[in-house]
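Comments concern the structure below.
Numbering (this note's numbering), first residue to last: 26 to 276.
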């Protein structure tokens with residue numbers, strides 16, 4: 026059985042690698058894919074000879090620590106709305122789009138703050154861009170967080186942004202949803218499998234800071250709507266994206 030997670034088929038696109046991948050997939054007794062985007066790529070590599078079964082990769086669903094959530098909100102929210110980006114701090118994750126969008130959000134919500142949680146080759150670029158936009162004091166970079174604290178960050182956030190340029194599945198989006206967060210994500214790769222626009226999150230096009238800002242502002246303007254989106258997202262995550270649900274699908 027071949028289980029395809031994304032990077033194994035979307036990486037190394039040169040023709041010789043594509044031939045080898047297609048050969049290996051055709052010889053598997055069964056193939057699973059973690060998203061519709063990955064499933065489509067498997068079909069393309071095998072010239073439609075393999076119809077992979079769609080089984081999302083599960084996420085760890087755990088209860089937040091109320092004390093940790095309160096500490097995050099006190100230290101990084103400072104009484105205003107808290108927007109959170111969590112992941113590798115590299116341009117293709119849309120982190121610079123998030124910073125540019127936040128500059129617009131801040132005009133509407135002067136006490137809002139953005140936390141860029143993670144590290145990467147563009148961490149310094151984030152600092153430079155924040156300075157050029159005059160937002161140094163309202164954008165924090167606390168670095169990587171312990172995996173056990175991920176749920177606390179997502180729970181502390183008023184809005185979570187996931188503006189990646191491409192994701193085979195989008196595990197961080199699903200983790201944020203599992204925490205009941207209102208998520209604004211990009212309509213790329215496998216993300217639409219998890220985010221039903223306007224119901225379990227908001228979808229925008231990649232590389233569009235203006236659209237990202239407008240979506241964030243719409244949620245901050247209507248906390249009741251944001252809470253309802255988060256509630257539906259958490260319910261969906263439990264039913265479809267938990268590790269238990271994934272294990273049952275493989276049985």
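Built from N, CA and C at the ideal position, the CB exists for glycine as well.
Here the structure is a predicted model, which means the values were calculated and not measured.
Closest by C-alpha distance to residue i, when choosing among the options
{"i": "residue 219", "options": "231, 186 and 261", "result": "261"}
{"i": "residue 111", "options": "199, 228, 27 and 267", "result": "199"}
{"i": "residue 65", "options": "263, 234, 194 and 210", "result": "194"}
{"i": "residue 62", "options": "54, 87 and 32", "result": "32"}
{"i": "residue 249", "options": "207, 52, 216 and 69", "result": "207"}
{"i": "residue 132", "options": "103, 163, 147 and 104", "result": "163"}
Whether residue i touches residue j by CB criterion (7 Å)
{"i": "residue 114", "j": "residue 145", "result": "yes"}
{"i": "residue 241", "j": "residue 204", "result": "no"}
{"i": "residue 245", "j": "residue 134", "result": "yes"}
{"i": "residue 119", "j": "residue 197", "result": "no"}
{"i": "residue 142", "j": "residue 170", "result": "yes"}
{"i": "residue 107", "j": "residue 154", "result": "no"}
Residues bridged to residue i (per DSSP)
{"i": "residue 168", "result": "142"}
{"i": "residue 227", "result": "209"}
{"i": "residue 79", "result": "58"}
{"i": "residue 42", "result": "According to DSSP, residue 42 bridges with nothing at all."}
{"i": "residue 185", "result": "109 and 208"}
Pairwise C-alpha distance: residue j and residue i
{"i": "residue 191", "j": "residue 60", "result": "13 Å"}
{"i": "residue 158", "j": "residue 201", "result": "28 Å"}
{"i": "residue 255", "j": "residue 93", "result": "20 Å"}
{"i": "residue 212", "j": "residue 89", "result": "28 Å"}
{"i": "residue 178", "j": "residue 97", "result": "7 Å"}
For residue i, the three-state DSSP class (helix, strand or coil)
{"i": "residue 267", "result": "strand"}
{"i": "residue 193", "result": "coil"}
{"i": "residue 111", "result": "strand"}
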